[in-house]
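Peer 1: If you read the sequences in order, they're chains A and B. One point on numbering: in our numbering, the residue at position 124 of the first sequence is 140, and numbering is uninterrupted. One point on numbering: in our numbering, the residue at position 18 of the second sequence is 34, and numbering is uninterrupted. In this text, a Cβ means the ideal position worked out from N, Cα and C, and glycines have one as well.
Protein chains: 2
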Amino acid sequence: MRYSKQREALLSLLRSTRSHPSAQWLYENLRKEFPNISLGTVYRNLALLEEKGYIVRIHTTSNTEHYDGFVDKHQHFVCRMCGKITDVDIDNTDVIQSQAAEKSGGKIEDYSLIFYGICSECCQK
Amino acid sequence: MRYSKQREALLSLLRSTRSHPSAQWLYENLRKEFPNISLGTVYRNLALLEEKGYIVRIHTTSNTEHYDGFVDKHQHFVCRMCGKITDVDIDNTDVIQSQAAEKSGGKIEDYSLIFYGICSECCQK
DNA sequence: ATCAGTAATGATAATCATTACTGATTTCTG
DNA sequence: CAGAAATCAGTAATGATTATCATTACTGAT
């Protein structure tokens with residue numbers, strides 16, 4: 017993987033936020049520094065960075081993908097009112113993973129655990 | 017919700033399999049009984065049935081949604097080789113859910129737990 | 001420092017799953 | 001049975017993502 021300014025900026029932007037942005041948001045914000053950057057470049061580099069393990073892709077009920085620059089294993093909570101994604105740390109998930117390995121018969125490499133509900137801000141409204 | 021043949025057939029087809037089909041697969045198989053059924057009808061009813069809680073939508077790394085006619089809470093395992101989705105039952109997930117509620121501050125209504133890896137069939141190849 | 005090779009880019013077109021629209025048909029209630 | 005409303009089939013539109021392609025920009029060797 018050869019160096020590129022755009023990719024470095026993308027990764028650094030992703031690592032600067034905990035908001036789990038979409039490709040569109042990243043595109044719009046990268047345009048401040050790279051007015052001519054292409055949306056295709058954003059998608060291409062997101063795929064590349066995910067493949068190499070530098071970022072994580074989050075699949076939710078929403079029809080758009082979200083990305084996370086923090087790769088230390090953790091979980092997410094999605095608010096069904098405002099759509100915001102926040103981090104949640106759950107302990108002892110290895111128990112679950114070993115139980116799944118046992119019951120499925122196959123080789124389990126990873127898992128995704130996403131919580132849905134109403135976030136504290138939206139609860140107050 | 018008013019009765020319709022197409023919707024009943026869709027629900028019954030979904031309940032007859034453990035393969036967690038996509039909209040496209042359901043459409044193709046419903047055409048055996050309803051040669052003129054529309055893909056739009058399939059999507060419309062999938063959305064309706066999900067909203068009413070009769071079926072579950074499964075979001076995976078694949079770019080298409082999959083559906084499950086069995087709504088008793090359980091988890092899924094997705095093979096990254098063949099793409100097949102199988103059921104996995106994990107015990108004591110309520111521990112996780114209560115831990116998430118505690119740590120997130122919000123109100124947690126549901127969660128999705130999906131395992132990724134290589135299924136037993138693909139392991140043998 | 002320049003060069004050649006090749007990966008990455010920007011611009012744009014293509015893809016493909018899903019959703020919206022429309023006029024005809026079916027279901028249900030009185 | 002009739003009329004209102006939901007549902008349908010068919011099809012166009014949408015929107016996120018991916019692919020294409022000519023040009024540009026890294027990088028290691030001369």
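1) Please list, in chain order, all residues of the same chain as TYR83 of chain B whose beta carbon is under 8 Å from its beta carbon, the five residues on each side excluded.
2) Looking at the structure shown, is SER32 of chain A part of a helix, part of a strand, or coil, going by DSSP?
3) Return the CA-CA distance between ARG34 of chain B and THR33 of chain A, expressed in angstroms with no decimal places.
4) Three-state secondary structure (DSSP) at VAL72 of chain A?
5) Leaving out five residues before and five after LEU26 of chain A in sequence, what residues of the same chain have Cβ atoms less than 6 Å from its Cβ?
6) According to DSSP, is LYS89 of chain A part of a helix, a strand, or is it coil?
7) By how many angstroms is the C-alpha of PRO51 of chain A removed from the C-alpha of VAL87 of chain B?
8) Under the three-state reduction of DSSP, which class applies to ASP110 of chain A: helix, strand or coil?
9) Look up ASP105 of chain A in the DSSP assignment and give the residues it is bridged to.
10) Cutting at 6 Å between CB atoms, please list the residues of its own chain near LEU129 of chain B, excluding the five before and the five after it.
11) Counting only C-beta atoms, is LYS119 of chain B closer than 8 Å to chain A at any point?
12) In the region 113–138 of chain A, which residues sit with their C-beta less than 7 Å from some C-beta in chain B, listed in chain order?
13) Does HIS11 of chain A have its Cβ less than 8 Å from a Cβ in chain B?
14) If we define contact as Cβ-Cβ less than 8 Å, is HIS90 of chain A a contact residue for chain B?
15) Taking 8 Å as the CB-CB limit, is ASP110 of chain A close to chain B?
16) If I measure Cβ to Cβ from ALA117 of chain B and keep anything under 8 Å in the same chain, skipping five residues before and after, which residues do I get?
17) Determine the DSSP secondary structure at TYR19 of chain B, reduced to helix, strand or coil.
18) Rounded to the nearest angstrom, what separates GLU44 of chain A and ARG23 of chain A at their Cα positions?
19) I'd like to know whether the C-beta atoms of GLY133 of chain B and CYS95 of chain B end up nearer to each other than 8 Å.
20) Label TYR19 of chain A either buried or exposed according to how many other C-beta atoms from any shown protein chain fall within 10 Å of its C-beta, with 16 as the threshold for buried.
21) What residues from the region 71–95 of chain B come within 8 Å of chain A, judged by C-beta to C-beta, listed N to C?
Peer 2: Reading it off the structure:
1) LEU30, HIS36, PRO37, SER38, ALA39, LEU42, LEU62, GLU66, ILE71, VAL72, ARG73 and ILE74
2) coil
3) 40 Å
4) strand
5) ASN61
6) coil
7) 48 Å
8) helix
9) Bridge partners of ASP105 of chain A: none, in fact.
10) GLN91
11) yes
12) GLN115, ALA116, LYS119, SER120, GLY121, GLY122, LYS123, ILE124, GLU125, ASP126, TYR127, SER128, LEU129, ILE130, PHE131, TYR132, GLY133, ILE134, CYS135 and SER136
13) No statement about residue 11 of chain A is possible, as the shown extent of chain A runs from 17 to 141 and does not include it.
14) no
15) no
16) LYS123 and ILE124
17) coil
18) 15 Å
19) yes
20) exposed
21) ARG73, HIS75, THR76, THR77, GLN91, PHE93 and CYS95
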